[in-house]
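Undergrad: Residue numbers (my numbering): 2 to 295. For each residue, glycine too, the CB sits at the ideal point set by N, CA and C. These figures come from a predicted structure and were not determined experimentally.
1. Any idea what DSSP makes of residue 252, helix, strand or coil?
2. Looking only at its own chain, which residues have a Cβ that is under 6 Å from the Cβ of residue 76, when we skip the five neighbours before and after it?
3. In this structure, what does DSSP give as the bridge partners for residue 265?
4. Which residues in the same chain have their Cβ closer than 8 Å to the Cβ of residue 328, if we skip the five residues on either side of it in sequence?
5. Would you be able to state if there are at least three C-beta pairs under 8 Å between the segment 212-225 and the segment 253-272?
6. So, is residue 197 buried or exposed, given that buried needs 16 or more other C-beta atoms within 10 angstroms?
7. Tell me, please, whether the segment 158-169 touches the segment 286-293 by the rule of three or more beta-carbon pairs shorter than 8 Å.
8. Quick one: residues in its chain with C-beta nearer than 6 Å to the C-beta of residue 218, no 5 flanking neighbours on either side, listed in chain order?
9. Please look up how many angstroms separate the CB atoms of residue 169 and residue 253, rounded, as I've assumed it's under 8 Å.
10. Residue 128 to residue 208, Cα distance in whole Å?
11. State the Cα-Cα distance for the pair residue 149 and residue 264, rounded to the nearest angstrom.
12. To the nearest angstrom, report how far apart residue 28 and residue 34 are at their CA atoms.
13. Taking the runs of the alpha helix (DSSP H) that are 4 residues or longer, which of them lie wholly in the segment 175-246?
14. If we require 3 or more residues per run, which beta strand (DSSP E) segments fall completely within the segment 120-157?
15. Tell me whether residue 131 is buried or exposed, calling it buried when 16 or more other Cβ atoms sit within 10 Å of its Cβ.
16. Kindly indicate which residue of 191, 204, 226 has the alpha-carbon position closest to the one of residue 278.
17. I need the DSSP call for residue 41, collapsed to helix, strand or coil.
18. Would you mind working out which of 228, 250, 251, 255 sits nearest residue 280, comparing C-alpha positions?
19. May I ask you to report which of helix, strand or coil DSSP gives residue 284?
This is the structure we're talking about:
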């Protein structure tokens, strides 16, 4: 009987030892699997960040343009670049410019990369993309105005030398100035209704609206002389004359407003003034400034 008991005790001891080994191996496998999951998550996060850094645009203007450029394709082309002035030029034929003679289209790029819009800045990102699309299309339509224009995509401005638009010392538009105003008005009349209210608009693909479009002549003058004060008055008068020329060429520009019907608002196209008193008077510059709504 005692031999039987000894065999039974021995069997129980061997079973307990085998079960203990099985539990220890199971714990080890669970630990290895847990470590593997942690490593996999780490590599996935690292891959996502690396991909975003390689494919994302660090320049704010580029990020905005990529929102509207949905059919980009690679083409072999030779470009001219001035790294000191941060200017790059493309052959005119590349962008469909078939005008006689050699033509180039030049663009300024930012010297310091700007941070891309934050994911939470949805409205700001949409507004930046819509403004970039608006300014890019406007630049293409007015590239051959009689008085050459300077387009600043970042600032959202269209600029002309005022002394070329107007007869010297007057607020009278030259023939080239009148033709330029008519050309700009034609382009704006098809684009601004999409960014304002009160006028039927077609073919719009934007979500954001504009708060104001200001016609402004900047002037540097000496406020302590009669000539300087006359130059300041002339700048404001020129702003009004160019504004009126735009509305005369395209009356719809005087009807677009910056608020929906039934809400207090103002005409979208307006006149503004900025003048700086200085002892060194300079030439005047006329700009059309496009301000997006917040």
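TA: Taking the structure as given:
1. helix
2. none
3. Note: residue 265 sits in no beta bridge, so no partner.
4. An answer regarding residue 328 cannot be provided, because it is not within the stretch 2 to 295 covered by the chain.
5. yes
6. buried
7. yes
8. 163, 236, 239, 240, 285, 287
9. Contact doesn't hold; Cβ gap of about 32 Å is too wide.
10. 8 Å
11. 38 Å
12. 10 Å
13. 176-196
14. 151-153
15. buried
16. 226
17. helix
18. 228
19. coil
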